[in-house]
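Residue numbers (my numbering), protein chains in the order written: chain A, 1 to 456; chain B, 457 to 941. Glycine residues also receive a C-beta, built at the ideal position from the N, C-alpha and C atoms. Taking it in order: structure first as structure tokens, then the write-up.
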């Protein structure tokens, strides 16, 4: 609760900083505020309280994911300031990011359909604007427009779904809905069934899983790279946490209906994401497809429906987010010095900057799921959760996906060792901080996964 | 104590990476220290006492994963092989200059860390992590220091071996889920499992493919010749000398006692594949013009014989495969070193362009002949001890198969002597006329190898005594597992 207030508070401060010409203080305030928010989140651990007439429930699940979101945003704020071309509207962008984070925090802790809707909208609307924040770029405008149109459709589906579920159960409150469903007298209710399916479509869209993933590559590629980094980490993690909260808790009683569909969605997402990524020559687009594939893996935790699943999802989200933010940071540095995002711009990187090369290797190994990185244990944990519930075929498909994944992640590693691009690169130290933190976390969590697995 | 043996190379690797120009020497000193340290284990080891130097800590408690390591007779020999070969491999690279040597030697030491770990692991998850860890340094060594085609070949190698490993991971998770209570990855818990025979078949293939690709057994060998030829010499030595043994070792420790019914069902097929591999690879080796490629194929033939010995499940077969792993490791490193020296001095690996080394470099030729004869398994060399036991074991299993497997001795002699003839005998060619004399570092590599060849060839008893009880125990656990079903 305090966390939410602090984040929204610094967001509002960001808006006013423009008016009162205290823009210079904005960044320190953001860092301090985020650190404070992180502290209040940790202090709330094990308290499990509800707020606003049971509309928000702050349990350990929500706190853990909130902490992840704040941590990743913190890293994002270290990277991003140098990359906004448009100095004048910097504070607006920061404000929008903070509002998006507010929406993300709501998504991890909602206990009411209204809160879910509010969270998704606060998050999405901020992102629509941010996707188009490079106003002079046609691609950025196209990306924002596409994201907005498709996103509004998905929001429509979500609202229809919420309405139908309300119609069937008579409540927006998740606790009431859960009891109604588990009482068993709604099992044949078409209204409830349609409601759940419509909500599912909306959520699948928001996490960019197949077959509703088509917006993601275009939007990710068109948006400024810093925004893409935020979208593929914070936004994705928040959406998956919401998806999990809703389906693995509230709708479990109806699992017979949606589980098979979601298993198929997970499998197709993994395959489509990985296979399409192989054919990309633009690294940004490749990472977009990789992020689609990772959504597929994380959906495996939702269909696993057991106690290990929430912990597995948390671990995966952390592992994926830190490696992802690291790879986008690397991409930013490389494309800033070479002028494009193609895989060719990585040529000769190993010679030019061994530091960057080592960090690339760590984050690619982690994304590909190779030990001793966090990505490996994340996949392992998700597979365990899924196999506990007899989803072995899905795990086998996921493994085929991982193998294909290795192919394109290693394409980047290999590109670094090719000849070419002798031009010197200039890096500032702040990016190195992020890369070092992400690299250490990726290895440390890979070697000592027990730090996280016992939390939930 | 044992943890230190495993982690010392990793610490040394970190030091090496930052030691710049002195990396070579630092790595050599570290690997020699590691060898000396492993000798302590060798002398303190008591063959009759089973698994020793055990360390068992909880690692990821709520998933039943522990850090459980130990050494038995089989492990000890493989660890000794690793610690013995790595200094030689490092020393053998002294006549090359590699760009960023810190990284190069650091990767070799990291590789050693993972290899020692694989052999000592008694927990399924730990085993898997070390198994995969071994892949990354060798991949980077091949990728950064390999030949012209390296980018394509190393990717094929990586994806090929990783696909096997991932199947093994799924199988291990499945086995883990079958363990009672809160689940455990401990080797003993996996041995105690009571699986239905239908499941055992699946598990057998899930695990076996990973091992078969690593060894490699026909028809999973297609990645191997290209990778061996294209990797830099030390990389090839690591791959063929030690990494290949991971596969055989995996079969012995992580396959046979866990799925005895699966082995009973499919063992015969594996035997047939292995024997086919022996004959097939020997014939291809005979046709090779490139000496390095010839050794690569001879390696497939030898490992085919080893795996046939393992799957014969007889005491002699298992025992022979342990000894032969050791001998093959030593011989193949020697052969690849010979090939590397020839390539470096003459600029070619094509045997037709060579000739007459006997006259121009008699000392070199003598070393070459000794290692070559050991590889052919001439009596009084180490190769003979292993192959004798192996063929004996296969004979107990099936006489026809033993007859075919025995061809390895004849065919091996044919292609090896043929290669020796082309390289060392005949007219001195323009390339071999000025063959530089052996340097001190080169002698320092060759002499220990030759000593080991003769020592194991003439008096193998100490090694047989060390591994004997462990092989007996392995056989016993396979038998008890079978009768339980």
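So which residues of chain B does residue i contact, with C-beta pairs closer than 9 angstroms?
i                      : result
residue 399 of chain A : 619, 622, 623, 625, 626
residue 205 of chain A : The contacting residues do not exist; residue 205 of chain A stays about 30 angstroms from chain B at best.
Using the Cα positions of residue i and residue j, report the straight-line distance between them to the nearest angstrom.
i                      : j                      : result
residue 519 of chain B : residue 151 of chain A : 39 angstroms
residue 274 of chain A : residue 406 of chain A : 9 angstroms
residue 194 of chain A : residue 241 of chain A : 22 angstroms
residue 471 of chain B : residue 521 of chain B : 30 angstroms
residue 664 of chain B : residue 707 of chain B : 7 angstroms
residue 579 of chain B : residue 647 of chain B : 12 angstroms
residue 483 of chain B : residue 392 of chain A : 44 angstroms
residue 69 of chain A  : residue 411 of chain A : 29 angstroms
residue 75 of chain A  : residue 307 of chain A : 30 angstroms
residue 611 of chain B : residue 829 of chain B : 35 angstroms
residue 418 of chain A : residue 527 of chain B : 42 angstroms
residue 59 of chain A  : residue 48 of chain A  : 4 angstroms
residue 398 of chain A : residue 900 of chain B : 49 angstroms
residue 817 of chain B : residue 704 of chain B : 37 angstroms
residue 456 of chain A : residue 390 of chain A : 22 angstroms
residue 436 of chain A : residue 373 of chain A : 14 angstroms
By the criterion of Cβ-Cβ separation under 8 angstroms, what are the contact partners of residue i in chain A?
i                      : result
residue 630 of chain B : 387, 392
residue 517 of chain B : 450, 454
residue 600 of chain B : 350, 417
Classify residue i: buried if its beta carbon has 16 or more other beta carbons within 10 angstroms, exposed otherwise.
i                      : result
residue 236 of chain A : buried
residue 731 of chain B : buried
residue 136 of chain A : exposed
residue 584 of chain B : buried
residue 743 of chain B : exposed
residue 45 of chain A  : exposed
residue 932 of chain B : exposed
residue 680 of chain B : buried
residue 478 of chain B : exposed
residue 402 of chain A : buried
residue 617 of chain B : buried
residue 675 of chain B : exposed
residue 243 of chain A : buried
residue 280 of chain A : buried
residue 833 of chain B : buried
residue 341 of chain A : buried
residue 540 of chain B : buried
Could you tell me which of the options sits nearest to residue i, measuring between CA atoms?
i                      : options                    : result
residue 122 of chain A : A:68, A:338, A:4, A:320    : A:4
residue 181 of chain A : A:227, A:246, A:155        : A:246
residue 415 of chain A : B:574, B:505, B:600        : B:600
residue 654 of chain B : B:719, B:796, B:861        : B:719
residue 126 of chain A : A:216, A:11, A:207, A:455  : A:11
residue 300 of chain A : A:277, A:346, A:259, A:451 : A:259
residue 172 of chain A : A:425, A:67, A:159         : A:159
residue 19 of chain A  : A:55, A:89, A:57, A:453    : A:89
residue 287 of chain A : A:39, A:364, A:377         : A:364
residue 593 of chain B : B:864, B:613, B:581        : B:613
Kindly list, in the order they appear in chain A, the residues whose Cβ is closer than 7 angstroms to that of residue i.
i                      : result
residue 615 of chain B : 403, 406, 407
residue 565 of chain B : Residues of chain A passing the Cβ test: none, with the nearest at roughly 16 angstroms.
residue 633 of chain B : 387, 388
residue 607 of chain B : 414
Which bits of chain B does residue i rub up against, with CB to CB less than 7 angstroms?
i                      : result
residue 370 of chain A : 588, 592
residue 106 of chain A : None at all; the shortest Cβ gap to chain B is about 30 angstroms.
residue 96 of chain A  : The premise fails here: residue 96 of chain A is roughly 39 angstroms from chain B at the closest Cβ pair, so nothing lies under 7 angstroms.
residue 279 of chain A : Chain B residues near residue 279 of chain A: none, gap ~16 angstroms exceeds 7 angstroms.
residue 74 of chain A  : Here the premise fails: no neighbours, minimum Cβ distance about 27 angstroms.
residue 395 of chain A : 626
Check the Cβ of residue i against every Cβ in chain A and list those closer than 9 angstroms, keeping chain order.
i                      : result
residue 611 of chain B : 406, 407, 410, 411, 414
When you compare the CB of residue i with every CB in chain C, is at least one pair closer than 7 angstroms?
i                      : result
residue 436 of chain A : The structure shown contains no chain C; the protein chains it does contain are A and B.
What does residue i touch in chain B if you count any residue whose Cβ is under 8 angstroms from its own?
i                      : result
residue 147 of chain A : Going along chain B, no residue has its Cβ under 8 angstroms from residue 147 of chain A, so there is no contact; the nearest lies around 35 angstroms.
Handout entry: Contact residues within the stretch 579-591 of chain B, judged by C-beta distance below 7 angstroms to chain A
Key = 585, 588, 589
Practice task
Residues of the stretch 308-333 of chain A with a CB closer than 9 angstroms to any CB of chain B: list them in chain order, please.
Solution key: 308, 311
Handout entry: Residues within the stretch 743-767 of chain B neighbouring chain A, beta-carbon criterion of under 7 angstroms
Key = none
Exercise for the section: Identify each residue in the stretch 649-675 of chain B for which the Cβ-Cβ distance to at least one residue of chain A is less than 9 angstroms, and report them in chain order. Expected result: none
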